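Take a look at the structure below.
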Amino acid sequence: MKRHVNRACSRLRRAAVAGLLSAAVFAAGVSTARAEKPAIDFRPPDIQPAKVCAQRKSDDMLKLQWSSWDGERLPPGIEYRDLDTELARLRNIDANQYFDTIKKAYNLRAKVDPYYNRTAYLLDMISLYVKAERFADLRETGFVAELEATGPAASAATVNFLGDLYLEGRAVPQNEQRGLQRKLQAAYNGNPNAVLDLAERTAMGQSVAGWDMPPKLAFTLGFSSLLGNLDSGICERVRRIARAFETGEVIAQDHALAEEWYRFAAELGDPEAAWKAARYQLSGDGLAQDDTLLMRYLTQAYEAGIVPARLAMGSLYEQGRLLTQDPVAAMRIYDALAADGSQDGLIAAIRLQEREGIDTEEDEQEYRERLVKLARFPDAPGWPFSRLGTMLQDEYGVFAQENARENLFQEAANRDDPEGKLQLGRLYLQRGDEADRQKAIALFEDLVAEDGKSLAIDDLRNALLCRAPDGPEADRWAPWQTLDPDNLPELPDHIKAEDLAKPEIADALARLQAAALGGSGQAAGRLTTILSDLKPAQFQNIVAHWRAMMTASAGGEASVLQAAHAAAPDDASRSAVFDALKALADGGDPYAKTALAEIYLADVPADEVIDDETLEKATALIEAVGGSVKGSSLWRLDDAYRAAGKKEFQPSDAMMTEIATVGDFEAMLFAAARSADEETAAFYYERALSIMPCDLNALARKARYALDAGRPDDALNALDAALALSPEQAWQQVKLADIYLALGSIDDRKEAYDLYVAAFRQGYEPAAWRLLDWFSSGDGPFYDEALHEEVLLHQLRNAGPAELYSVVTKLGGAPQRVSDNVLAKFDLKDAYRGAAIAGEPVAMRELSKLLMQDGSTPDEATKWLTGAATAGDPEAMLMLAQSYAFGLGVEPSAEKARQWLQAAASAGDETAVTLLSIMRVQ
Numbered sequence: 011m012k013r014h015v016n017r018a019c020s021r022l023r024r025a026a027v028a029g030l031l032s033a034a035v036f037a038a039g040v041s042t043a044r045a046e047k048p049a050i051d052f053r054p055p056d057i058q059p060a061k062v063c064a065q066r067k068s069d070d071m072l073k074l075q076w077s078s079w080d081g082e083r084l085p086p087g088i089e090y091r092d093l094d095t096e097l098a099r100l101r102n103i104d105a106n107q108y109f110d111t112i113k114k115a116y117n118l119r120a121k122v123d124p125y126y127n128r129t130a131y132l133l134d135m136i137s138l139y140v141k142a143e144r145f146a147d148l149r150e151t152g153f154v155a156e157l158e159a160t161g162p163a164a165s166a167a168t169v170n171f172l173g174d175l176y177l178e179g180r181a182v183p184q185n186e187q188r189g190l191q192r193k194l195q196a197a198y199n200g201n202p203n204a205v206l207d208l209a210e211r212t213a214m215g216q217s218v219a220g221w222d223m224p225p226k227l228a229f230t231l232g233f234s235s236l237l238g239n240l241d242s243g244i245c246e247r248v249r250r251i252a253r254a255f256e257t258g259e260v261i262a263q264d265h266a267l268a269e270e271w272y273r274f275a276a277e278l279g280d281p282e283a284a285w286k287a288a289r290y291q292l293s294g295d296g297l298a299q300d301d302t303l304l305m306r307y308l309t310q311a312y313e314a315g316i317v318p319a320r321l322a323m324g325s326l327y328e329q330g331r332l333l334t335q336d337p338v339a340a341m342r343i344y345d346a347l348a349a350d351g352s353q354d355g356l357i358a359a360i361r362l363q364e365r366e367g368i369d370t371e372e373d374e375q376e377y378r379e380r381l382v383k384l385a386r387f388p389d390a391p392g393w394p395f396s397r398l399g400t401m402l403q404d405e406y407g408v409f410a411q412e413n414a415r416e417n418l419f420q421e422a423a424n425r426d427d428p429e430g431k432l433q434l435g436r437l438y439l440q441r442g443d444e445a446d447r448q449k450a451i452a453l454f455e456d457l458v459a460e461d462g463k464s465l466a467i468d469d470l471r472n473a474l475l476c477r478a479p480d481g482p483e484a485d486r487w488a489p490w491q492t493l494d495p496d497n498l499p500e501l502p503d504h505i506k507a508e509d510l511a512k513p514e515i516a517d518a519l520a521r522l523q524a525a526a527l528g529g530s531g532q533a534a535g536r537l538t539t540i541l542s543d544l545k546p547a548q549f550q551n552i553v554a555h556w557r558a559m560m561t562a563s564a565g566g567e568a569s570v571l572q573a574a575h576a577a578a579p580d581d582a583s584r585s586a587v588f589d590a591l592k593a594l595a596d597g598g599d600p601y602a603k604t605a606l607a608e609i610y611l612a613d614v615p616a617d618e619v620i621d622d623e624t625l626e627k628a629t630a631l632i633e634a635v636g637g638s639v640k641g642s643s644l645w646r647l648d649d650a651y652r653a654a655g656k657k658e659f660q661p662s663d664a665m666m667t668e669i670a671t672v673g674d675f676e677a678m679l680f681a682a683a684r685s686a687d688e689e690t691a692a693f694y695y696e697r698a699l700s701i702m703p704c705d706l707n708a709l710a711r712k713a714r715y716a717l718d719a720g721r722p723d724d725a726l727n728a729l730d731a732a733l734a735l736s737p738e739q740a741w742q743q744v745k746l747a748d749i750y751l752a753l754g755s756i757d758d759r760k761e762a763y764d765l766y767v768a769a770f771r772q773g774y775e776p777a778a779w780r781l782l783d784w785f786s787s788g789d790g791p792f793y794d795e796a797l798h799e800e801v802l803l804h805q806l807r808n809a810g811p812a813e814l815y816s817v818v819t820k821l822g823g824a825p826q827r828v829s830d831n832v833l834a835k836f837d838l839k840d841a842y843r844g845a846a847i848a849g850e851p852v853a854m855r856e857l858s859k860l861l862m863q864d865g866s867t868p869d870e871a872t873k874w875l876t877g878a879a880t881a882g883d884p885e886a887m888l889m890l891a892q893s894y895a896f897g898l899g900v901e902p903s904a905e906k907a908r909q910w911l912q913a914a915a916s917a918g919d920e921t922a923v924t925l926l927s928i929m930r931v932q
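Quick note on numbering: the numbering used here labels position 370 of the sequence shown as 380, and the sequence is numbered without any gaps.
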C-alpha cells in the first residue's frame with residue numbers, strides 16, 4: 011500500500027518538475043505586476059493514506075529518553091533512520107535546552123552512519139543553531155561557508171536552504187540579491203519550496219529578475235511538486251499547502267480547501283493537522299459543521315497531547331457540548347496541562363474554578379495555589395497578582411499586609427493590568443501622603459484615559475476633590491467631570507414601556523446594563539426592579555437570569571434577591587424570593603444576611619414601629635456578619651432601635667475590633683460614634699476618612715457625624731467638597747441640601763430650601779417629600795403658601811394607590827386655606843375610588859369614610875369598609891365591628907361585632923385590644 015501511494019505522489023512530483031522546466035524555457039525577464047490573488051483549485055490526491063506521520067511516542071517519552079542519553083550510543087529502540095524525526099521533534103520542543111544533546115547525536119551519526127553525508131550534517135547543524143538563535147556561535151563554526159562551498163554539487167534543497175539564510179539575514183549578513191539568486195537556482199532545479207517562495211513574492215507584486223512564471227501556474231506546480239514521496243516529512247509539506255489556503259495571504263483564501271488538506275494530513279497521522287481540522291469544525295468559518303468529524307480529529311489531536319486540542323476537549327466537558335457536562339473531567343484535563351507546564355491550562359483551571367464557585371477554605375487554598383503558580387511564569391499576565399493582592403485585602407482588611415499588597419499590585423500594574431493599577435492607586439491614596447496622592451492621581455488618569463476603566467473616575471474624583479490637603483482641586487477636576495457617571499441623569503423610580511424610546515432613558519439603561527454585566531450587584535438589582543416592573547409576568551425568569559449572572563460577583567446574588575423582594579408582583583413571588591435569600595443566608599453568605607436584615611427593617615409601615623421579634627432577627631443577622639457588615643445597615647438598625655424607644659444599638663467589643671480591620675466608611679463612622687473615649691473615636695474617624703468614597707452620600711454622612719462630634723471645620727470641608735462636585739442633577743441637589751440642613755445656620759437652611767425647590771422643579775419626587783416635611787415643620791422664614799399648595803397637588807395627582815393616603819396625611823397637616831384650595835382643585839373621593847378599585851385596603855377604608863360623611867347610600871360605604879377589613883386593614887376591622895355593634899349601615903349583630911373586634915385586636919389595633927379587654931372584664 012505504501013509503495014502504491016509513493017508511486018502516486020512521485021508521479022505528481024515528476025509532472026510538476028517537467029512543467030516547471032518547460033516554463034523556465036519561455037521566461038522573458040518581464041516584471042510581474044501585482045494582480046488579484048490567484049484562485050487555486052488544488053485538492054488532495056484520491057489515495058488511501060497510511061499513518062506515515064503518526065508519532066510513535068509522546069513528547070514526554072521523547073524528552074525522557076534523550077535527557078538521560080549518555081552520548082555514546084543511541085537510546086534503546088532507536089535506529090539512525092529515526093534520527094531525522096526524533097531530533098527534529100526535540101529541536102522544536104526546546105532547541106536551547108536540548109542543544110548539546112542534539113549536537114552530540116548529529117556528531118555520533120556523522121561518525122557511524124555511512125548514509126549520512128557531510129551536506130546532510132551541515133544542514134542539520136545549521137538548522138539547530140538557527141532554531142536555538144545561536145547566530146554568533148554558528149558564524150564561528152564556518153558551517154555556512156562550508157555548505158556554500160559545495161558549489162554545483164549542491165542539491166536544489168540545499169541551495170534553497172542557503173537562499174533562506176541570506177534572505178533572513180540572521181545566520182549570515184542579509185543579502186537579498188544573493189538570496190534570490192539561490193532561490194531562482196533552486197526553483198529551476200525543481201525545488202518546490204523555492205517555486206512557492208518566488209510565487210508568493212510575485213503574487214504580492216514584487217518583481218524578481220529572471221522569474222516570470224504566472225503566480226497561478228507557479229502555485230499549482232509548486233504545490234504538486236511539494237507533495238513528493240509519502241515519507242515522514244510529507245505532513246509538514248501538506249500543512250504548508252493548507253496554511254496557504256487558510257491565511258489567504260498570497261492566494262485566494264479558501265477555508266474549504268484548507269480544511270480538506272488538514273484532514274488529509276490528519277489521515278496520514280499528523281496530530282497538528284488533526285487539531286487544525288478539528289478547529290475548523292469548532293469554529294465553522296463558513297463550513298458546514300460535522301460533529302462526527304469534529305470528535306474524530308479532536309480526539310486524535312487530544313490523544314497526541316496537542317495543547318490546544320486538550321484545552322478544547324476540556325471546554326467541551328465544561329459546556330456539555332457533544333459530551334456529558336462534567337466540570338470535574340474538564341478540571342482534570344486543565345490540571346494535567348498545568349502539570350505539564352502549560353500556562354493556558356492553568357488559566358483555564360482558574361477560570362473554571364471561578365465559574366464553579368470558591369465556597370470552602372479548601373477551594374480558596376486551591377485557588378490561591380493556582381494563582382501563585384500562574385504568577386511564577388516569566389510572561390504571566392497581571393491579573394493573578396491583582397487577585398492575590400485582593401485576596402490578602404479581603405482576608406486582612408485594607409489596613410494590614412500593606413507591603414505585600416503593594417508588591418502584588420505593583421507587579422500587576424507593571425504588567426499593565428487595569429485592576430492592579432486601580433488597587434495600587436487606592437493603596438497610595440489611603441496612605442494620605444501628598445507624594446502618594448500624586449502617584450495615585452497619575453494612575454487613575456491613565457486608567458480613565460488609556461484603559462477606559464470608568465470605575466477609576468470615582469477614585470480620580472476622590473483624589474482631586476475629597477483628599478486634596480488644601481481643599482478641592484476643582485480646576486484640575488473640570489476636564490474629567492463630563493465622564494463622571496454621577497453627573498448623568500438617574501433613571502426614574504418607575505419606567506413605562508413607552509419611556510424606553512426616550513434617548514435619556516435608553517442611555518441610562520445601557521449604562522446600568524453595562525455596569526451589571528461588569529459585575530455590579532447593585533446595578534443588577536436595579537435592573538431586576540426595572541424589568542420586573544415592566545414585565546411582571548416574567549418576574550421569575552428575570553430573577554433567575556440575574557441571579558445566575560451574579561454568582562461570581564461578591565454580594566451580587568444577594569443584591570438581586572433583595573431588589574426582587576421589593577419588586578415582587580404578588581405575595582407568593584415575594585415569599586419565594588424571601589425563602590431563596592434566607593437559604594443563601596443560612597448557607598453563610600454575609601451579603602445575604604445583611605440583605606435579609608435590611609428587609610426586616612424595611613418591612614415596617616411608615617406610621618408603625620418595628621416589633622421586638624423582628625428587631626431581634628435583624629440584630630442577630632447583622633451581628634452574625636460582624637465587622638464586614640455594610641455601615642449603612644448599622645445606622646439603619648440604630649434608627650430602628652431609637653424609633654422603638656430603645657437605647658442606641660451598641661456593637662459588641664469583638665464587632666468593634668472587626669470593624670477596625672474590615673469595616674467600610676460608614677461602619678467606621680458608626681464605631682467612632684459608639685467609642686467609649688475620644689482617642690478611640692479619633693482612631694475610627696481617621697480610618698473612616700482614609701477609605702471614604704467621594705460622593706454626596708458619604709459627604710452628607712461625614713458632615714452629620716462631624717457636627718455631632720464637635721468638628722465643625724470638617725463639616726464645612728465636606729460641604730466644600732460637595733460643592734466642588736457641581737451638582738446639577740436633582741438627586742445630587744437633594745443630597746447637597748441635606749448637608750446644608752445638617753449645618754443648621756439660617757444661611758445654610760436657605761441654601762437647603764432653594765436646592766430642594768430646584769430639585770422639585772426637575773420632577774424629583776424625594777425633593778417634594780422633603781418640602782412637605784419642611785412645610786409641616788412651620789419654618790416661617792422659608793414658608794411659601796403657593797408652593798405648598800403646588801407640591802401637595804403635584805403629589806396627589808401623581809400618587810399611586812399605595813401612596814395616596816400618605817399624601818393626604820400631609821394635606822391634613824397643612825394650613826386650612828391651603829387644604830381648602832387643594833381640595834377645591836382635586837377630587838379626593840374620586841382618587842380614593844380609583845385606588846380602592848385597584849385593591850388598596852387603606853383607600854377602601856378612606857373612601858368608606860368619605861361616603862358616610864357626604865350622605866351616600868350606606869350600602870356602598872359598607873361594601874368598601876367590608877372590603878378593607880377583609881383585606882386585613884386593622885382600622886377598617888374596628889370600624890366594621892362598631893358598625894355591627896350599633897347597626898350603622900348594617901343589621902346589628904353582636905356576634906359579627908365581636909368577630910371583627912377580635913380580628914382587629916389580633917391585627918394589632920390598640921383600641922380594639924382595649925375594648926376587648928373591657929368586654930372580657932364585664
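Ideal placement from N, C-alpha and C gives every residue a C-beta, glycine not left out. This structure is a prediction, so every number in the text was calculated from the model and none was measured.
Report the three-state DSSP secondary structure of residue i (helix, strand or coil).
i, result
"residue 746", "helix"
"residue 449", "helix"
"residue 575", "helix"
"residue 87", "coil"
"residue 905", "helix"
"residue 204", "helix"
"residue 514", "helix"
"residue 126", "coil"
"residue 569", "helix"
"residue 678", "helix"
"residue 811", "coil"
"residue 829", "helix"
Pull up the distance between the alpha-carbon of residue i and that of residue j, whole angstroms please.
i, j, result
"residue 933", "residue 612", "The requested residue 933 does not occur in the structure, where the chain is confined to residues 11 to 932."
"residue 6", "residue 828", "With the chain running from 11 to 932 in the structure shown, residue 6 is simply not present."
"residue 293", "residue 387", "29 angstroms"
"residue 502", "residue 269", "55 angstroms"
"residue 166", "residue 354", "41 angstroms"
"residue 235", "residue 202", "6 angstroms"
"residue 637", "residue 405", "12 angstroms"
"residue 903", "residue 803", "42 angstroms"
"residue 689", "residue 697", "13 angstroms"
"residue 212", "residue 221", "9 angstroms"
"residue 759", "residue 678", "28 angstroms"
"residue 449", "residue 435", "7 angstroms"
"residue 792", "residue 763", "7 angstroms"
"residue 351", "residue 745", "55 angstroms"
Please go through the same chain and pick out, in chain order, the residues whose beta-carbon is closer than 6 angstroms to the beta-carbon of residue i, but skip the five residues on each side of it.
i, result
"residue 451", "473"
"residue 729", "749"
"residue 563", "529 and 531"
"residue 49", "262"
"residue 886", "855, 875, 878 and 879"
"residue 570", "534, 535, 538, 556, 557 and 560"
Here's a check: name, in chain order, each residue in its chain whose Cβ is nearer than 8 angstroms to the Cβ of residue i, leaving out the five neighbours to either side.
i, result
"residue 100", "72, 73, 76, 108, 111 and 112"
Below 8 angstroms on the Cβ atoms is my contact criterion, and I expect residue i with residue j to pass it. Report the Cβ-Cβ distance as a whole number of Å.
i, j, result
"residue 285", "residue 319", "5 angstroms"
### Inter-stretch contact (C-beta, 8 angstroms, three-pair minimum) for the stretch 586–596 and the stretch 567–576
yes
### Query
Between the stretch 712–724 and the stretch 454–471, do at least 3 Cβ pairs fall closer than 8 angstroms?
No, they do not touch.
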